[in-house]
Amino acid sequence: MNRFAYRSAAIRLLGLKTDPHARSVIRSGFAKSLKSGGFNGYEWALAGIEAENTSAIRAIGLALQNPQRASEDKKLLIRALTEAGSTQPRLRPEALRTLSEALTGNSDLAVQIAVGTRDWGRTVLHQKFEALAAEEETDPATQFMINFVLGTELSTE
Numbered sequence: 000m001n002r003f004a005y006r007s008a009a010i011r012l013l014g015l016k017t018d019p020h021a022r023s024v025i026r027s028g029f030a031k032s033l034k035s036g037g038f039n040g041y042e043w044a045l046a047g048i049e050a051e052n053t054s055a056i057r058a059i060g061l062a063l064q065n066p067q068r069a070s071e072d073k074k075l076l077i078r079a080l081t082e083a084g085s086t087q088p089r090l091r092p093e094a095l096r097t098l099s100e101a102l103t104g105n106s107d108l109a110v111q112i113a114v115g116t117r118d119w120g121r122t123v124l125h126q127k128f129e130a131l132a133a134e135e136e137t138d139p140a141t142q143f144m145i146n147f148v149l150g151t152e153l154s155t156e
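So the sequence shown is residues 0 to 156, counted in numbering that gives the first Met the number 0.
Okay, structure coming up:
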């Protein structure tokens, strides 16, 4: 039996535990994951958010600002933020702040952020999405997805 197949589920379940030893393991694994990225980054981010709430979201925000962080790692962190904001509305304001900061200067994350927050109603991100969709430099696929999420009419030029 491959024990690595269950690692992601074990990390997520560990995030739900409240005993001090479990929280210590989460803090350590979350910090290592933010530092190095890679395998199970999404699960460690979710567990970190579950255990540390807004301080974990702020730590993820700092990790997203790292220009050396791989694009795929950033997308996993964005996915964790949008899932946390969707399942725990009390964390949404901090998640929105972090996502807004990530969107500034990282338009390659726009589609993932727009899709991940589409059920949150009109948010502070909408102005940024509208501006990105209007820019000529924004690629057509990104413009299409942003407009789709925003529910705006697509130009037929």
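Ideal Cβ placement from N, Cα and C applies to all residues, glycine included.
Judged by DSSP secondary structure, Glu100 falls within the alpha helix (DSSP H) whose first and last residues are Arg91 to Leu102. Around the Cβ of Gly40, a 10 Å sphere holds 16 or more other Cβ atoms; the residue is buried. CA-to-CA, the gap between Arg91 and Arg121 works out to about 13 angstroms. In this structure, DSSP gives Gln142 a helical state, which the three-state scheme calls helix.
DSSP places Ser54 in the uninterrupted alpha helix (DSSP H) bounded by Thr53 to Leu63.
The beta-carbon distance between Gly84 and Thr116, rounded to whole angstroms, is 7 angstroms. This is short enough to meet the 8 angstroms contact definition.
Shown here, Phe29 sits in a helix according to DSSP, grouped into three states.
Only residues of its own chain outside the window of five on either side were considered, and among them Ser7, Ile10 and Arg11 have a CB closer than 7 angstroms to the CB of Glu42, listed in chain order. Between Gly36 and Arg68 the beta-carbon gap is near 6 angstroms, inside 8 angstroms, which marks them as a contact. Taking 8 angstroms as the upper bound for CB-CB distance, Ala79 and Leu45 are in contact here, some 5 angstroms apart. When the five nearest sequence neighbours on each side are left out, the beta carbons in the same chain lying within less than 8 angstroms of the beta carbon of Arg26 are those of Gly47, Ala50 and Glu51, in order along the chain. Beta-carbon to beta-carbon, Ser99 and Leu124 are separated by about 6 angstroms, close enough to satisfy the 8 angstroms threshold. DSSP, read as helix, strand or coil, puts Lys16 in coil. Scanning Gln64, Gly60, Leu33 and Pro66 for the CA closest to the CA of Thr81 turns up Gly60.
For Phe128, the enclosing alpha helix (DSSP H) starts and ends at Leu124 to Ala133.
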